[in-house]
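Using my numbering, you'd call the opening residue of the sequence shown number 479 and step up by one each time. Scroll down for the structure; my scribbles are underneath it.
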Amino acid sequence: MKIVIIGTGYVGLVTGACLADLGNEVICYDIDKKKIKQLQSSDAPIYEPGLKRILRNLNISKKANTAAAMRKNKVLELGSITFTSDPEEAIRNGKIIFITVGTPQQKDGNVDLSFVKSAARTIGKFLNGYAVIVNKSTVPVGTARLVKKIICGYHNKNFDVVSNPEFLKEGNAIKDFFNPERIIIGAESKKAKRIINNLYQPFSCPILNTSLETSEMIKYASNAFLATKISFINEIANVCEKVGADIKGVSQGMGMDSRIGESFLKAGLGYGGSCFPKDIKALHNIALSNNYRFKLLKAVIQVNNDQRKLLAKKVKKMLGGLKNKKICLWGLSFKPNTDDFRESAAIDLIKLFQKEGAAISAYDPKVNYEEFTNKNNFRNKINFHQDKYAAIKNRHALVIVTEWSEFKKADLGKIKKLLKKPVIIDGRNIYEIGKMRELGFRYLSVGR
Ligand code: UGA
479 MKIVIIGTGY
489 VGLVTGACLA
499 DLGNEVICYD
509 IDKKKIKQLQ
519 SSDAPIYEPG
529 LKRILRNLNI
539 SKKANTAAAM
549 RKNKVLELGS
559 ITFTSDPEEA
569 IRNGKIIFIT
579 VGTPQQKDGN
589 VDLSFVKSAA
599 RTIGKFLNGY
609 AVIVNKSTVP
619 VGTARLVKKI
629 ICGYHNKNFD
639 VVSNPEFLKE
649 GNAIKDFFNP
659 ERIIIGAESK
669 KAKRIINNLY
679 QPFSCPILNT
689 SLETSEMIKY
699 ASNAFLATKI
709 SFINEIANVC
719 EKVGADIKGV
729 SQGMGMDSRI
739 GESFLKAGLG
749 YGGSCFPKDI
759 KALHNIALSN
769 NYRFKLLKAV
779 IQVNNDQRKL
789 LAKKVKKMLG
799 GLKNKKICLW
809 GLSFKPNTDD
819 FRESAAIDLI
829 KLFQKEGAAI
839 SAYDPKVNYE
849 EFTNKNNFRN
859 KINFHQDKYA
869 AIKNRHALVI
879 VTEWSEFKKA
889 DLGKIKKLLK
899 KPVIIDGRNI
909 YEIGKMRELG
919 FRYLSVGR
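Written out as structure tokens, the structure is:
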């Protein structure tokens, strides 16, 4: 199928690359010319396991539908992917047009739909035949209809709008794309429903066909439920600390009940990233603007914010104050296997530590340190390192912020020798308490 992707951010790029890998002819459009240039040379602007490999194997062309590219694809039985910053070239070729642009949060917590609206206007301008416009961006209920209204304002009225939320997890997105647990298709027109069901034919998972509104709500409700699980387990962890229970065993025991399920029961520093914090606040505000107070979600947000402050308090107590203390953070991304640090616990922790006069060093295997510094308004300079052991030399404490597997496998004896004091505060519960005691560490974690 001829597919157009509008917006080559994380969702757009993964979706485009995977759909091309399945044999479709994909054109990715983005207004960011620099990004398009980078993509044209097979270089992925984000770190996502498996993405580079897929892009490398695909036939990447700079112009859509060149005869040579078509011939090459036929021989290799591969799909193709084209990257362009020319909207006309992209849209006039599309039979299925995905909107995968960002829906950032405004200062008041509401969703900023300006990129979605602008994508709809671009589609309206250049659409020249029947196409299904598929919205994959996370948007408030009613947005698919808004997109329809905007495109209707242009000359070509031969199109349908579908809502098809994504459930990809950063760091696992390629695997998630090829092994979905469900596909949600919100559509009004039978024709559009048929086309999109057909696109997903290679997948064996259940496909749920719903109305536009239900589909849009499924996405928010799913993210909100997962965030609720995280805040719930973090509160249980906090009680565990008071009563002498171990959250790891508690999560394990709870998770054995198939009604509860074992996933998203890891206690720690709470959720971050570009989705949960924004989506939970958005759903809370959507409810409020419809005269409903979503009390539970308010608490979920509060617990998540407090979880970081609680850890900072632990560090302060352990070190007898933070002034002039040298603290090292391992992990700056919001979770492992990604270079994304949006809303990561590390940002809040560094700010809290610096405010109290501590000096910070840090190590992360993938985060771009320059970007991390430029995008966050830190009070003082951070001492970044390319080697995790160099980062802890002569520090008063090591704080584990992200559970990268290389931290789990780290040489604990070496850590002890390098640190000024053998103090580890583990925000992700990656080490065994017994072993840490045996080795002589002063070790604190969450809910144990
Ligand atoms: C999340 C959803 O899991 C995806 O299904 C969804 O498609 C995506 O948002 C989105 O809306 O685009 P993602 O933000 O990539 O995916 O990350 P998750 O793996 O869900 O983790 C979110 C945060 O929760 C991370 O900071 C992680 O450390 C934290 N978390 C997760 C916990 O603290 N405990 C857990 O048990 C699980």
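Think of the CB as a built atom: it goes at the ideal place given N, C-alpha and C, for glycine as much as any other residue.
In terms of residues, what are the limits of the alpha helix (DSSP H) holding residue i?
i	result
VAL793	773-797
ASP826	823-833
VAL625	621-630
PHE850	847-853
GLU884	883-886
ARG920	Unbroken run through ARG920 is the beta strand (DSSP E), 920-922; no alpha helix (DSSP H).
ASP757	754-767
PHE655	651-656
GLY891	890-896
GLU503	From DSSP, GLU503 is part of no alpha helix (DSSP H) but of the beta strand (DSSP E) over 503-507.
LEU677	668-677
ILE903	Taken as a continuous stretch (DSSP letters only), ILE903 belongs to no alpha helix (DSSP H), being part of the beta strand (DSSP E) at 901-904.
VAL877	VAL877 -> not in any alpha helix (DSSP H); beta strand (DSSP E) instead, spanning 875-878.
LYS726	725-733
ILE738	Unbroken run through ILE738: none, as it is neither H nor E.
LYS913	911-916
ILE908	From DSSP, ILE908 is part of no alpha helix (DSSP H); its letter is neither H nor E.
Which whole-angstrom value is the C-beta distance of residue i and residue j, which I expect to be below 8 Å?
i	j	result
GLY905	LEU747	4 Å
GLY727	PRO527	Contact doesn't hold; Cβ gap of about 30 Å is too wide.
ILE960	LYS886	With the chain covering 479 to 926 only, the question about residue 960 has no answer from this structure.
ASN872	LYS898	5 Å
SER700	PHE645	7 Å
THR421	PRO565	Absent from the structure is residue 421, since the part of the chain shown begins at 479 and ends at 926.
ALA765	ARG771	7 Å
CYS683	GLU659	6 Å
LEU761	ALA836	That pair is no contact at about 35 Å.
GLY664	GLU694	7 Å
TYR632	LYS668	Wrong, their Cβ atoms sit about 24 Å apart, outside the cutoff.
LEU536	ASP499	7 Å
Anyone know if the C-beta pair for residue i and residue j falls short of 8 Å?
i	j	result
ALA568	VAL482	yes
ASP817	VAL845	yes
LYS773	PHE742	no
PHE831	LEU800	yes
ILE860	ILE838	yes
SER729	LYS744	yes
LEU927	VAL901	Lying outside 479 to 926, the shown extent of the chain, residue 927 is not represented and no answer is given.
MET479	ILE559	no
PHE862	ALA840	yes
VAL617	VAL594	yes
SER615	ILE577	yes
LYS511	SER563	yes
ILE725	GLY925	yes
ILE662	ILE711	no
PRO843	GLU884	yes
ALA823	GLY751	no
ARG971	SER520	What is shown of the chain runs 479 to 926, which leaves residue 971 out entirely.
PHE856	LYS833	no
HIS874	LYS804	yes
ILE903	LEU890	no
PHE561	LEU517	yes
ASN606	ASN634	yes
TRP808	LYS866	yes
Mind checking which residues open and close the beta strand (DSSP E) that includes residue i?
i	result
TYR608	Note, TYR608: premise wrong, no beta strand (DSSP E); not H, not E.
ARG531	It is not in any beta strand (DSSP E) - ARG531 instead sits in the alpha helix (DSSP H) that spans 529-535.
THR560	558-562
ILE685	685-688
ALA498	No beta strand (DSSP E) contains ALA498, which is instead part of the alpha helix (DSSP H) from 488-499.
ILE484	480-484
SER519	No beta strand (DSSP E) contains SER519, which DSSP labels as neither H nor E.
ILE860	Careful: ILE860 lies outside any beta strand (DSSP E) and carries neither H nor E.
GLY748	Per DSSP, GLY748 belongs to no beta strand (DSSP E) and is neither H nor E.
Hey, is residue i's beta-carbon within less than 8 Å of any beta-carbon in chain B?
i	result
LEU774	Considering every chain present, this structure includes no chain B. It has just one protein chain.
Quick check: the stretch 779-786 against the stretch 603-610, are there 3 or more CB pairs under 8 Å? no
Cβ contact (3+ pairs, closer than 8 Å) linking the stretch 874-881 and the stretch 809-821: yes
Is there contact between the stretch 688-698 and the stretch 621-640, where contact requires at least three CB pairs shorter than 8 Å? yes
Segment contact, 8 Å Cβ cut-off, at least three pairs: the stretch 483-490 with the stretch 502-511: yes
How do the stretch 747-761 and the stretch 580-597 stand: do at least 3 beta-carbon pairs fall below 8 Å, yes or no? yes
Is the stretch 672-681 touching the stretch 625-633 in the sense that three or more CB pairs, one from each, lie closer than 8 Å? no
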